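Student:
2 protein chains.
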Amino acid sequence: MGRGAADKANAAEAAEAGGQLADVESQAESFRRARRARRSELVDDYVELIADLIADGGEARQVDIAARLGVAQPTVAKMLKRLTEEGLVTQRPYRGVFLTAEGQDLADRSRRRHHIVESFLLAVGVDPEHARLDTEGIEHHVSDATLAVFARFVKEAGKP
Amino acid sequence: MGRGAADKANAAEAAEAGGQLADVESQAESFRRARRARRSELVDDYVELIADLIADGGEARQVDIAARLGVAQPTVAKMLKRLTEEGLVTQRPYRGVFLTAEGQDLADRSRRRHHIVESFLLAVGVDPEHARLDTEGIEHHVSDATLAVFARFVKEAGKP
DNA sequence: GCTAGAATATAGCATATGCTATATCAAGCA
DNA sequence: TGCTTGATATAGCATATGCTATATTCTAGC
């Protein structure tokens, strides 16, 4: 046997020391979750932005999406292809992009989540600029349970 | 000129409608920030975990890191190579991994940040399990300004 | 209708992060 | 000492997300 024997000793030690380290499988699940979230957050961002652009100007063009996301136009084109394959948007060659019913649904949910997180940060005392910046990253990692707590907090803070 | 002329009209329209859409450059900066954070969050996770394993059992082995991150061992090996190149960890072939001073510093900062976020979620009423899960994703997207607000909130909540 | 300029499509490349399969090394035990 | 077994190293592949360069198409204005 190699050095594996240390494992049990370590576990016992950790338990005695107060269990700083969480359960292995549980921790692994956290990280898997975070990786999954990372994969889907781009999709959310695109769909949410497309919905905003359509609501705002009637159409969503690749150049505008690219400018707002801070990426190059071919990057957007490639992602739109993927979104089309996933049934979230529809595209006609050389035309604007539109959301399917499913895409619109996802956009609505994303927008709601985004709004709750940003409102919460503001309610808790974060300045508007940082609230806006941080929300863009945080929103994708907030579970439904946590989101509910945030929403309640905002509601309570609104009527003191 | 193509359809670019619609831009100004859209902007004006948005302004009149209440400015739902943020400034283009500002929004692009948010997304760029989020992408940057995404790149560095894995590094933070590794370094933080390595520090925990060393503190807990005296050494950080690839198999343990892999098990806790929920990835395969070669994935860890590849990442450790990168961390070594960045001067955050030291490696001797077929031996455990150790942190450089710089790595230890990053681990300390990550751990502090992690702790503040998790404490904040608990203080605001999130259940422990979701607090732990969500913290893993959120911690990397919290600016210093927001972190300070979280810390203050935890402190206030502690002594009512 | 043509044409010029803007937008989109496509090709090809780079990097990062995963994986499986397999070779190599280290350490305990017969 | 040599063998067995667990850990690490390495090769090769896949996918996702970026980029630049370039071809194609649309639209507006003449």
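So the protein lines, in turn, are chains A and B.
If you count the first sequence from 1, position 35 lands on 35 in the UniProt record's numbering, and the numbers rise without skipping.
If you count the second sequence from 1, position 144 lands on 144 in the UniProt record's numbering, and the numbers rise without skipping.
Ideal placement from N, C-alpha and C gives every residue a C-beta, glycine not left out.
Here the structure is a predicted model, which is why all the values come from computation and not from measurement.
Per DSSP, what kind of secondary structure is A/V142 in: helix, strand or coil?
Tutor: coil
Student: Listed in chain order, which residues of the segment 110-135 of chain B have Cβ atoms closer than 8 Å to some Cβ of chain A?
Tutor: L121, V124, G125, V126, D127, H130, A131, R132, L133 and D134
Student: Roughly how many whole angstroms lie between the Cα atoms of B/E156 and B/R111?
Tutor: 21 Å
Student: Looking at chain A, is there any beta carbon in it that lies within less than 8 Å of the beta carbon of B/G137?
Tutor: Output row for B/G137: interface = yes.
Student: Could you tell me if B/E139 is buried or exposed, where buried requires 16 or more neighbouring beta carbons within 10 angstroms of its beta carbon?
Tutor: buried
Student: CB A/H115 to CB B/S143, shorter than 8 Å?
Tutor: no
Student: Just confirm the distance between the C-beta atoms of A/D45 and A/L83, as a whole number of angstroms; I'd bet it's less than 8 Å.
Tutor: Not a contact, Cβ separation roughly 11 Å.
Student: Which residues in the same chain have their Cβ closer than 8 Å to the Cβ of A/A72, if we skip the five residues on either side of it in sequence?
Tutor: A66
Student: Tell me the rounded alpha-carbon separation between B/M1 and A/Q62.
Tutor: Only weak support is given to the placement of B/M1: the predicted model assigns it a pLDDT of 34, under 50, and the question is left unresolved by the model.
Student: Assuming residue 166 of chain A and B/V124 form a contact by the criterion Cβ under 8 Å, report the distance between their Cβ atoms to the nearest whole angstrom.
Tutor: For residue 166 of chain A there is no data in the structure shown, the boundaries of chain A being 1 and 160.
Student: For B/V149, which of B/G87, B/V117 and B/L133 has the nearest alpha-carbon?
Tutor: With distances taken between Cα atoms, B/V149 lies closest to B/V117.
Student: In whole angstroms, what is the alpha-carbon distance linking B/S40 and B/L21?
Tutor: 28 Å
Student: In this structure, how does DSSP classify B/L99 when only helix, strand and coil are distinguished?
Tutor: strand
Student: Quick one, are the C-beta atoms of B/A107 and B/V24 less than 8 Å apart?
Tutor: no
Student: Using 8 Å for Cβ pairs, my map puts A/L121 next to B/S30. What's the rounded Cβ distance?
Tutor: Rounded, the Cβ-Cβ distance is 13 Å, inconsistent with contact.
Student: Going by the DSSP bridge assignment, what does A/V89 pair with across the sheet?
Tutor: According to DSSP, which records beta bridges pairwise, A/V89 is partnered with A/L99.
Student: By alpha-carbon positions, which one of B/D52, B/L42, B/T90 and B/A51 ends up nearest to A/A34?
Tutor: B/L42
Student: Sorted by chain position, which residues of the same chain lie with C-beta nearer than 6 Å to A/A151's C-beta, five sequence neighbours on each side aside?
Tutor: I116
Student: Quick one: using the 10 Å Cβ neighbour count with 16 as the cut-off for buried, is B/R113 buried or exposed?
Tutor: By the 10 Å Cβ count, B/R113 comes out buried.
Student: Which residues, in order along the segment 145-159 of chain B, keep a beta-carbon less than 7 Å from a beta-carbon of chain A?
Tutor: A145, T146, V149 and F153
Student: Are the CB atoms of A/Q104 and A/V97 nearer to each other than 8 Å?
Tutor: no
Student: With DSSP collapsed to three states, give me the class of B/A22.
Tutor: coil
Student: In this structure, how does DSSP classify B/A67 when only helix, strand and coil are distinguished?
Tutor: helix
Student: Within 8 Å (strictly less), CB to CB, does B/G70 reach chain A?
Tutor: yes
Student: Work out the CA separation of B/R32 and A/D52 for me, nearest whole Å.
Tutor: 19 Å
Student: Smallest Cα separation from A/A145: which of B/G137, B/T135, B/E136 and B/V126?
Tutor: Of the residues B/G137, B/T135, B/E136 and B/V126, the one whose Cα lies closest to the Cα of A/A145 is B/V126.
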